[in-house]
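What follows is a short report on a single structure.
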Ligand SMILES: [Zn+2]
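In this note's numbering, the protein residues as written are 4 to 445.
Next up, the structure:
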């Protein structure tokens, strides 16, 4: 059987993975056991302070800070704040408090937003989901009432060719063929609620397939149309050549780094000069190359926190290696060194990745690509909302939403400690998961 005679899910590992994940999503409608309260009792909610804690504020580590939360927003961050006597306090000694993590590349369905939240991922930037999910989840972004899901921002319906990548999931989606259709296509996405435009440039060449894709003229027209509607245009590419071509076309960001070649320092500088951001999705790139972090992450996590869907996708593998980890990681090293803004994203739930949990692996991979712990954490907190023009989250700063992650230990010295989760707050409400290391409220 030649590749083109096989059904699409046999030709494209990404397609197969998401199909399987969708099936697992159905299984996830079964009831999940209720987690127990953390030792020391439940964490305080909406109005409280975490005192004498090391913070990572979105840019830098700062020791011995107090973080005062009021009505689900951060009221103040400082040293020895004058706090009301009756304000509930959590002793943060020996812990690090940081903004909730933001995964800048996911695909959403089932209970994945709950899975993400349990691992401290309080917002996801979805890079393709059903527009109906986008509409359904939009209100929760501004709403500070108690919930059990991460917030969702999304590209919604991607810009892809008929029969192209993105059309294979059983969700009917709009497609386009010519540059002349670009402005209507983009306007319709805006009306449908897309927060930005994501373009698919994928001919399947890197994994031995032949997939219909948009031509260059159409891609350039979609980028231009997105900008005319004041929307960002981001693009899925699999090769360095396509990444460089998209740069020339004026794209705002790449949602993957390629896996085929190491970029030259000179070309890396061109991305930096153009101000193009890159979401490398090293988690899926190393998994595609046959070196998934999934098993390590499962080993580092108590089994009761891992949902069947997370376990399933973390242990899946690609049918055959695609690209090399070296090409991806070394390219990120050069992009970062050149000054390109790097955003952390996992591409969960592709094989070898899991919602929420894989962000902890992505941080380690970014560190392997030369980012310091503070730079890796900035890529997962302050930088994604800044790149996408979202101002209410991602930093520990007065007025921002109190989406918080508390971990035991010193992250500056050891970034792998992000999985030592002691507490997660979403909109100031503690997430009910029984992470064992919670400090005593006092
Ligand atoms: Zn993706």
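A virtual CB, placed ideally from N, CA and C, is assigned to each residue, including glycine.
Would you list, in sequence order, the uninterrupted alpha helix (DSSP H) runs of no fewer than 4 residues that lie entirely inside the segment 179 to 247?
Listed in chain order, they are 185 to 195, 219 to 231.
Note down the Cα distance separating residue 272 from residue 338, rounded to an integer number of angstroms.
Whole-angstrom Cα-Cα distance: 7 Å.
Would you list the one or two residues that DSSP bridges to residue 157?
Bridge partners of residue 157: 129.
To which residues does DSSP link residue 429 through a beta bridge?
DSSP lists 432 as the beta-bridge partner residues of residue 429.
In terms of DSSP beta bridges, what is residue 407 paired with?
Under DSSP, residue 407 takes part in a beta bridge, and its partners are 102, 428.
Quick one: measure Cβ to Cβ for residue 2 and residue 345, integer angstroms, because I've assumed they're closer than 8 Å.
A question about residue 2 goes unanswered here, because the residues of the chain that appear run from 4 up to 445.
Output needed for residue 363: all residues of its chain with C-beta closer than 6 Å, excluding positions within five of it in sequence on either side, in chain order.
Contacts found: 421, 422.
Tell me the DSSP secondary structure of residue 68 in three-state form.
Strand.
Is residue 167 buried or exposed, if buried means 16 or more other CB atoms sit within 10 Å of its CB?
Buried, since its Cβ has 16 or more Cβ neighbours within 10 Å.
Strand pairing of residue 53, partner residues [DSSP]
Partner(s): 70, 93.
Can you list, in chain order, the residues of its chain with a C-beta nearer than 6 Å to that of residue 129? Leave out the 5 residues immediately preceding and following it.
Around residue 129: 109, 111, 155, 157.
DSSP three-state assignment for residue 256, whether helix, strand or coil
Strand.
Just reading off the beta strand (DSSP E) that residue 77 is part of, what are its end residues?
Run containing residue 77: 76 to 81, per the beta strand (DSSP E) assignment.
Going along the chain, which unbroken runs of the alpha helix (DSSP H) with 4 or more residues stay wholly within the segment 289 to 313?
Contiguous alpha helix (DSSP H) elements confined to the segment 289 to 313 occur at 297 to 302, taking only those with 4 or more residues.
State yes or no: is the C-beta of residue 198 nearer than 7 Å to some heavy atom of ligand 1?
No, the beta carbon of residue 198 sits no closer than 7 Å to any heavy atom of ligand 1.
For the alpha helix (DSSP H) containing residue 349, list its first residue and its last residue.
Boundaries for residue 349: no alpha helix (DSSP H) harbours it, and the DSSP string shows neither H nor E there.
DSSP three-state label for residue 109, please.
Under the three-state reduction of DSSP, residue 109 is assigned to strand.
Span of the alpha helix (DSSP H) holding residue 138?
134 to 141 is the span of the alpha helix (DSSP H), which, as asked, contains residue 138.
Residue 104 and residue 151 closer than 8 Å at C-beta
For residue 104 and residue 151, no; Cβs fall outside 8 Å.
With which residues is residue 58 paired in a DSSP beta bridge?
According to DSSP, residue 58 shares a beta bridge with 65, 100.
Residue 389 bridges to which residues according to DSSP?
Beta-bridge pairing links residue 389 to no other residue.
Is residue 350 a contact residue of ligand 1, with contact defined as CB to any heavy atom under 7 Å?
For ligand 1, at least one heavy atom lies less than 7 Å from the Cβ of residue 350.
Report yes if the CB atom of residue 199 is closer than 8 Å to the CB atom of residue 235, and no otherwise.
Yes, the pair counts as a contact, with Cβ atoms nearer than the cut-off.
Inter-residue CB distance, residue 390 and residue 256 (contact presumed, cutoff 8 Å):
By a beta-carbon distance limit of 8 Å, residue 390 contacts residue 256. Their separation comes to about 7 Å.
Going along the chain, which residues of its own chain have a beta-carbon closer than 6 Å to the beta-carbon of residue 415, five neighbours each way excluded?
Result list for residue 415: 64, 376, in chain order.
State the Cα-Cα distance for the pair residue 4 and residue 212, rounded to the nearest angstrom.
Below a pLDDT of 50, predicted positions are generally treated as unreliable, and residue 4, at 30, falls in that range; the measurement from the model is reported next regardless. Roughly 12 Å between the two C-alpha positions.
Please classify residue 67 as buried or exposed, where buried requires at least 16 neighbouring CB atoms within 10 angstroms.
That one is exposed.
Would you mind sorting residue 354 into buried or exposed? The rule is 16 or more other CB atoms within 10 Å of its CB.
Burial of residue 354 is indicated by the presence of at least 16 other C-beta atoms within 10 angstroms of its C-beta.
Near ligand 1: residue 110 beta-carbon under 7 Å from a heavy atom:
Between ligand 1 and residue 110, a heavy atom-to-CB distance of less than 7 Å is present.
Reference residue 99, options 56, 248, 89, closest by Cα:
When only C-alpha atoms are compared, the closest one is 56.
Pop quiz: residue 201 and residue 131 are said to be a contact at Cβ under 8 Å. What is the actual Cβ separation, rounded to whole angstroms?
At roughly 6 Å, the Cβ-Cβ gap stays under 8 Å, so residue 201 and residue 131 are in contact.
Alpha-carbon spacing of residue 153 relative to residue 276, whole angstroms
Straight across, the Cα-Cα distance linking residue 153 with residue 276 is about 33 Å.
When you compare each of 145, 204, 321, 298 to residue 314 by their alpha carbons, which one comes out closest?
From the listed residues 145, 204, 321, 298, the smallest Cα separation to residue 314 is found for 298.
Just confirm the distance between the C-beta atoms of residue 69 and residue 54, as a whole number of angstroms; I'd bet it's less than 8 Å.
Here residue 69 really is in contact with residue 54; their C-beta atoms are around 5 Å apart, less than 8 Å.
Tell me the DSSP secondary structure of residue 280 in three-state form.
It is a strand residue.
With a 10 Å radius around its C-beta and 16 neighbouring C-beta atoms as the bar for buried, classify residue 329 as buried or exposed.
The residue in question, residue 329, is exposed, as its Cβ has fewer than 16 Cβ neighbours within 10 Å.
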